[in-house]
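S.K.: Attaching a single structure in structure tokens format; questions to follow.
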Amino acid sequence: MLERFLDQTSFTSQEDFIKNFKIKVPENFNFGYDVVDAWAAEEPDKKALCWTNDRGEHIDFTFADLKKYTDQTAAYFQSLGIGHGDMVMLILKRRYEFWFSIIALHKLGAVVIPATHLLTKKDIVYRNNAADIKMIVCAGEEIITKHIIDAMPYSPTIEKLVSVGPEIPEGFEDFHKGIEDAAPFIRPSHPNSNDDISLMYFTSGTTGNPKMVAHDFTYPLGHIVTGSFWHNLHRDSLHLTIADTGWGKAVWGKLYGQWIAGATVFVYDHEKFTPADMLQMIQDYKITSLCAPPTIFRFLIREDMTKYDLSSLQYCTIAGEALNPAVFEAFYKLTGIKLMEGFGQTETTLTVATFPWMEPKPGSMGVPNPQYDVDLIRPDGTRAEDGEQGQIVIHTTSGKPIGLFKEYYRDAELTHEAWHDGMYYTGDVAWRDEDGYLWFVGRADDVIKSSGYRIGPFEVESALM
510 MLERFLDQTS FTSQEDFIKN FKIKVPENFN FGYDVVDAWA AEEPDKKALC
560 WTNDRGEHID FTFADLKKYT DQTAAYFQSL GIGHGDMVML ILKRRYEFWF
610 SIIALHKLGA VVIPATHLLT KKDIVYRNNA ADIKMIVCAG EEIITKHIID
660 AMPYSPTIEK LVSVGPEIPE GFEDFHKGIE DAAPFIRPSH PNSNDDISLM
710 YFTSGTTGNP KMVAHDFTYP LGHIVTGSFW HNLHRDSLHL TIADTGWGKA
760 VWGKLYGQWI AGATVFVYDH EKFTPADMLQ MIQDYKITSL CAPPTIFRFL
810 IREDMTKYDL SSLQYCTIAG EALNPAVFEA FYKLTGIKLM EGFGQTETTL
860 TVATFPWMEP KPGSMGVPNP QYDVDLIRPD GTRAEDGEQG QIVIHTTSGK
910 PIGLFKEYYR DAELTHEAWH DGMYYTGDVA WRDEDGYLWF VGRADDVIKS
960 SGYRIGPFEV ESALM
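All residue numbers for the sequence shown refer to my numbering, where the first residue is 510 and numbers rise by one.
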């Protein structure tokens, strides 16, 4: 699969990566047809999704299964009036129906808006009206459906509500009955163009309402580096990323880059995280690759890890917050595995990372992903020197790189504020060492000054630990 999108599919050094990495973007790329259905045609029995929950249920889905179920889901959504450009919010936690729904919506050329189950009535009303959402598909749990029902009188654009169960409240369609009864799926003649919006996340800033980060249909290709060259996945990998589907990290680690790499995605649908359960999952299912925030690894090393057979685990990556070197050293001592850090935003794919051919520096994010032209810029717009703090920017003078967001939806002013003069300003501050590794400091608006020195929150946390 990788050969379809890269001329060179393996690299031995950062120099090799910088020189020879280039994404080939097909015309009218659609992840549903060009990756999921392509796998189903080539290797129908290849396992795509390994799903289990904390109630002992377990289901494996092959790519042939996914083609079947996503076609049925797409046909069902068509019958509900969903088509190109329609906005659909998914509140599905870690239910396997999330994968059916997001791929089906891609096949229709609709816009997917994943959302967390923690949204209240007020949050849902804001999102419905800000994006003109047409349909909500949700887990049938009272804590979710009650807020949706309460939001309906204030949400004039909503036409359909769909529940995947177990509860199907009055006013909600039954997802499983719908896909069982659906007519055969007829693929739209032109589901999308590359620059159409396919995916949108509401992401909070330090002030104001959440921003709507809009990605186009080429965005999944931006995660080739995430899956193949950061997670270091291959066709025999069983990969676990710890993330709810309402957050951007889910498509970073549970979908796009992983399936392009041919890996199997492992999903543990649980209500409450416990380190012991996670270690048991790694042992029982022989998980080979794990990606989680540092907080999770802090919990894991507090367990008696010697009680578990973790010999299947080959590779671990870390993102979401800066990694304290003490956690790196403790995990390495227990497992022999070095935690490989990475950095990115909802607006981007993986932007900076420690790649397999590199030696990690505990606490450093790594080096820029050659997919992006990354730099550190002083407040006056000049380039920061080694050892000097600067805002992380992505140069866009030669065009929008694959993986970078299209816009803040319906907010040209905010888009221009973050993206102007040929640069996207991430709002994150870092410094670069003499080897080119970047070290995270904090958000530009979180950095404090003391006796003339700029101090980031991570430095404060490290000092306290």
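For each residue, glycine too, the CB sits at the ideal point set by N, CA and C.
Excluding sequence positions up to five away, which residues of its chain have a Cβ less than 6 Å from the Cβ of P784?
M.R.: Numbered from 1 along the sequence shown, position 275 holds the residue referred to as residue 784. Correct list, in chain order: F808, L809, E812.
S.K.: When the Cα atoms are used, what is the spatial distance from D705 to F609?
M.R.: As a working note, residue 705 is residue 196 in the sequence shown. As a working note, residue 609 is residue 100 in the sequence shown. Spanning the two alpha carbons is a distance of roughly 21 Å.
S.K.: Out of curiosity, what's the CA-to-CA distance linking K870 and D944?
M.R.: Translated into the one-based positions of the sequence shown, residue 870 becomes position 361. Translated into the one-based positions of the sequence shown, residue 944 becomes position 435. Cα to Cα, K870 sits roughly 10 Å from D944.
S.K.: Just verifying my parser: in three-state terms, what is the DSSP assignment at P623?
M.R.: Along the sequence shown, read from residue 1 onward, the residue named residue 623 stands at position 114. Strand at P623.
S.K.: When the distance is taken between beta carbons, is A953 closer than 7 Å to Q900?
M.R.: Reading the sequence shown from its first residue, position 391 is the one you call residue 900. Reading the sequence shown from its first residue, position 444 is the one you call residue 953. In contact: Q900 and A953 (Cβ atoms closer than 7 Å).
S.K.: Per the DSSP calculation, P877 is bridged to which residue(s)?
M.R.: Position 368 of the sequence shown, counting from 1, holds the residue named residue 877. P877 is bridged to V861.
S.K.: Determine whether the beta carbon atoms of W560 and V776 lie at a separation below 7 Å.
M.R.: On the sequence shown, position 51 is the one that residue 560 refers to. On the sequence shown, position 267 is the one that residue 776 refers to. Contact: yes.
S.K.: State the Cα-Cα distance for the pair L843 and S737, rounded to the nearest angstrom.
M.R.: Your numbering for residue 843 matches position 334 in the sequence shown. Your numbering for residue 737 matches position 228 in the sequence shown. Their backbone Cα atoms lie some 25 Å apart in a straight line.
S.K.: Please report the residue range of the alpha helix (DSSP H) in which Y794 lies.
M.R.: One-based indexing of the sequence shown puts residue 794 at position 285. Y794 -> alpha helix (DSSP H) spans 784-794.
S.K.: Could you check whether the region 600-618 touches the region 529-544, counting it as contact only if at least three pairs of C-beta atoms, one from each stretch, sit closer than 8 Å?
M.R.: Contact between the region 600-618 and the region 529-544 is present, because at least three Cβ pairs lie under 8 Å.
S.K.: Alpha helix (DSSP H) containing F570: first to last residue?
M.R.: Position 61 of the sequence shown, counted from the start, is the residue given in the question as residue 570. It is not in any alpha helix (DSSP H) - F570 instead sits in the beta strand (DSSP E) that spans 567-571.
S.K.: Rounding to the nearest angstrom, what Cα-Cα distance links T666 and I903 in this structure?
M.R.: Numbered from its first residue, the sequence shown carries residue 666 at position 157. Numbered from its first residue, the sequence shown carries residue 903 at position 394. Each residue's Cα considered, the two are about 36 Å apart.
S.K.: Assuming A584 contacts A549 (C-beta within less than 8 Å), just tell me the rounded distance between them.
M.R.: Residue mapping note: residue 584 aligns to position 75 of the sequence shown, counting from 1. Residue mapping note: residue 549 aligns to position 40 of the sequence shown, counting from 1. Contact flag wrong, Cβ pair sits at about 16 Å.
S.K.: Which residues in the same chain as E578 place their Cβ atom closer than 8 Å to its Cβ, once the five residues preceding and following it in sequence are excluded?
M.R.: Mapped onto the sequence shown, residue 578 falls at position 69. Reading the sequence as shown, one finds Tyr at residue 578 and not Glu. The answer, listed in chain order, is F570, F609, I688.
S.K.: With DSSP collapsed to three states, give me the class of Q767.
M.R.: Your numbering for residue 767 matches position 258 in the sequence shown. DSSP places Q767 in helix when its eight states are reduced to three.
S.K.: K655 to G680, Cα distance in whole Å?
M.R.: Taking the sequence shown and counting its residues from 1, one reaches residue 655 at position 146. Taking the sequence shown and counting its residues from 1, one reaches residue 680 at position 171. The straight-line gap from Cα to Cα measures roughly 12 Å.
S.K.: Spell out the partners DSSP gives W940 in its beta bridges.
M.R.: As a first step, residue 940 must be located in the sequence shown, where it is residue number 431. Beta-bridge pairing links W940 to Q898, W948.
S.K.: Give every residue of the same chain whose Cβ lies closer than 6 Å to the Cβ of M849, excluding the five residues on either side of it in the sequence, and list them in chain order.
M.R.: The sequence position of residue 849 within the sequence shown is 340, counting from 1. Here the set comprises T826, T863, P869.
S.K.: Just reading off the alpha helix (DSSP H) that D690 is part of, what are its end residues?
M.R.: In the sequence shown, counting from the first residue as 1, residue 690 sits at position 181. 684-690 is the extent of the alpha helix (DSSP H) around D690.
S.K.: Work out the CA separation of T815 and N529 for me, nearest whole Å.
M.R.: Within the sequence shown, residue 529 is the residue found at index 20, counting from 1. Within the sequence shown, residue 815 is the residue found at index 306, counting from 1. Computed Cα separation, rounded: 42 Å.
S.K.: Answer yes or no: do M874 and L947 have a C-beta to C-beta separation smaller than 7 Å?
M.R.: Against the sequence shown, residue 874 aligns to sequence position 365. Against the sequence shown, residue 947 aligns to sequence position 438. Yes, these two residues count as a Cβ contact at 7 Å.
S.K.: Output the boundary residues of the alpha helix (DSSP H) element that contains W608.
M.R.: Locating residue 608 in the sequence shown gives position 99, where the first residue counts as 1. From DSSP, the alpha helix (DSSP H) with W608 extends over 606-617.
S.K.: Could you check what DSSP says for H663 in three-state terms: helix, strand or coil?
M.R.: Looking up residue 663 in the sequence shown gives position 154. Residue identity check: residue 663 is Tyr in the sequence provided, not His. Correct three-state label for Y663: helix.
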